[in-house]
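Numbered according to the numbering used here, the sequence shown spans residues 13 to 254.
Take a look at the structure set out below.
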Amino acid sequence: MIIDMHCHLDLYPDPLTVAKMCEEKGVYVLSVTTTPKAWKGTASLTDGNDNIQTALGLHPQLAHQRSQEIELFDSLLPKAKYVGEIGLDGGKGYKNYWRQQLNVFRHILKSVSAAGGRIMSIHSKASASAVLDELLHVEGTPILHWFMGNNGDLKRALERDCWFSVGPAMTATKKGQELISLIPINRLLTETDGPFAKMYGKPLMPWGVVESYASLGEIWGVSLEEAKYQVYTNFLQLLSVK
Ligand code: MN
Numbered sequence: 013m014i015i016d017m018h019c020h021l022d023l024y025p026d027p028l029t030v031a032k033m034c035e036e037k038g039v040y041v042l043s044v045t046t047t048p049k050a051w052k053g054t055a056s057l058t059d060g061n062d063n064i065q066t067a068l069g070l071h072p073q074l075a076h077q078r079s080q081e082i083e084l085f086d087s088l089l090p091k092a093k094y095v096g097e098i099g100l101d102g103g104k105g106y107k108n109y110w111r112q113q114l115n116v117f118r119h120i121l122k123s124v125s126a127a128g129g130r131i132m133s134i135h136s137k138a139s140a141s142a143v144l145d146e147l148l149h150v151e152g153t154p155i156l157h158w159f160m161g162n163n164g165d166l167k168r169a170l171e172r173d174c175w176f177s178v179g180p181a182m183t184a185t186k187k188g189q190e191l192i193s194l195i196p197i198n199r200l201l202t203e204t205d206g207p208f209a210k211m212y213g214k215p216l217m218p219w220g221v222v223e224s225y226a227s228l229g230e231i232w233g234v235s236l237e238e239a240k241y242q243v244y245t246n247f248l249q250l251l252s253v254k
């Protein structure tokens with residue numbers, strides 16, 4: 013089984029077909045959502061398929077528009093096994109809404125903590141250090157998705173027992189490869205971030221995650237098959253933690 017630990021299934025033009033193909037191709041998908049309002053409908057797309065799990069999220073890039081949905085988030089949380097996409101974005105165009113983002117993120121982490129913790133897929137673009145500050149005293153198992161923090165951030169993330177999900181868009185860059193080489197092999201998961209993330213000019217499909225196994229194999233000095241098996245083992249370990 014191949015693992016796409018961060019994919020926006022509901023944002024493909026035809027999510028049902030994509031879900032069906034994932035089943036055929038043996039892809040596990042953590043289907044993240046960007047607003048609490050999207051959670052129910054997205055989850056219903058894959059009812060009965062245990063290999064596609066839908067995470068409850070409120071994307072930091074939408075925090076300023078959707079902060080009123082935080083109540084809906086809280087009311088859905090007891091039913092949601094996974095949380096994401098959540099986090100902070102310090103990039104251009106979003107930094108202006110930092111205060112709103114921080115309020116939403118803090119509220120979510122507090123709710124998750126009170127609910128006993130969740131596996132959480134977390135966005136930390138241009139905000140790794142601030143995200144790690146927020147994760148210090150809360151319950152839950154963070155997966156830092158497409159993490160591009162500096163070495164100090166990485167050290168703190170490992171001290172906090174974070175996991176990392178990396179995809180073809182990251183393994184294709186030198187900086188991404190360098191960062192991956194510093195992450196313990198047993199902390200790493202794979203993702204696509206499709207359809208946002210693109211490869212060869214096209215939106216990545218969940219099964220496109222295989223592209224990252226070859227790169228991981230190279231970085232780790234193992235075969236593609238061994239890299240795939242390592243990620244699957246990590247995935248099982250993650251589920252056993254929470
Ligand atoms: Mn995403």
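Beta carbons: idealized from backbone N, C-alpha and C, even for Gly.
Nothing here was measured: the structure is a model prediction, and the numbers come from that model.
Span separating the alpha-carbon of residue i from that of residue j
i	j	result
A126	D86	10 Å
K167	F247	21 Å
N61	T153	23 Å
P218	E237	18 Å
E151	V30	33 Å
E171	L148	10 Å
E83	L121	13 Å
P256	W232	Outside the shown range of the chain, which is 13 to 254, sits residue 256, and nothing can be said about it.
Q113	T54	23 Å
E223	Y109	35 Å
W51	S123	17 Å
P215	P90	32 Å
S252	G128	15 Å
D165	K137	12 Å
A67	M132	8 Å
T58	Y24	14 Å
A75	G103	14 Å
K107	T245	37 Å
G38	I14	7 Å
K186	D26	33 Å
G161	K32	35 Å
E146	H157	16 Å
Buried or exposed (CB count within 10 angstroms, at least 16 for buried), residue i
i	result
T45	buried
K240	buried
D16	buried
Y212	exposed
A184	exposed
P207	buried
S43	buried
E190	exposed
E36	exposed
R78	buried
S227	buried
Residue j beta carbon less than 8 Å from that of residue i
i	j	result
L70	V143	no
R118	Y94	no
V234	L201	no
E97	P48	no
G105	P72	no
T204	C19	yes
I64	L21	yes
I155	V178	no
H135	D101	yes
A181	F159	no
L250	W175	yes
Element boundaries [beta strand (DSSP E), containing residue i]
i	result
G233	First-last for G233: undefined, no H or E at that position.
W110	No beta strand (DSSP E) contains W110, which is instead part of the alpha helix (DSSP H) from W110 to A126.
W175	W175 to V178
Q65	I64 to L68
P154	T153 to H157
Y18	Contrary to the premise, residue 18 reads as His rather than Tyr in this sequence. I14 to C19 is the extent of the beta strand (DSSP E) around H18.
E97	Y94 to G99
I131	I131 to H135
Check: residue i C-beta below 7 Å from any heavy atom of the ligand NAD
i	result
D205	The model depicted lacks the ligand NAD and carries the ligand MN instead.
Span of the alpha helix (DSSP H), counted from its first residue to its last, around residue i
i	result
T261	The structure shown does not extend to residue 261, since the chain is modelled only from 13 to 254, so the question has no answer here.
V221	From DSSP, V221 is part of no alpha helix (DSSP H); its letter is neither H nor E.
I192	K186 to L194
V30	P27 to K37
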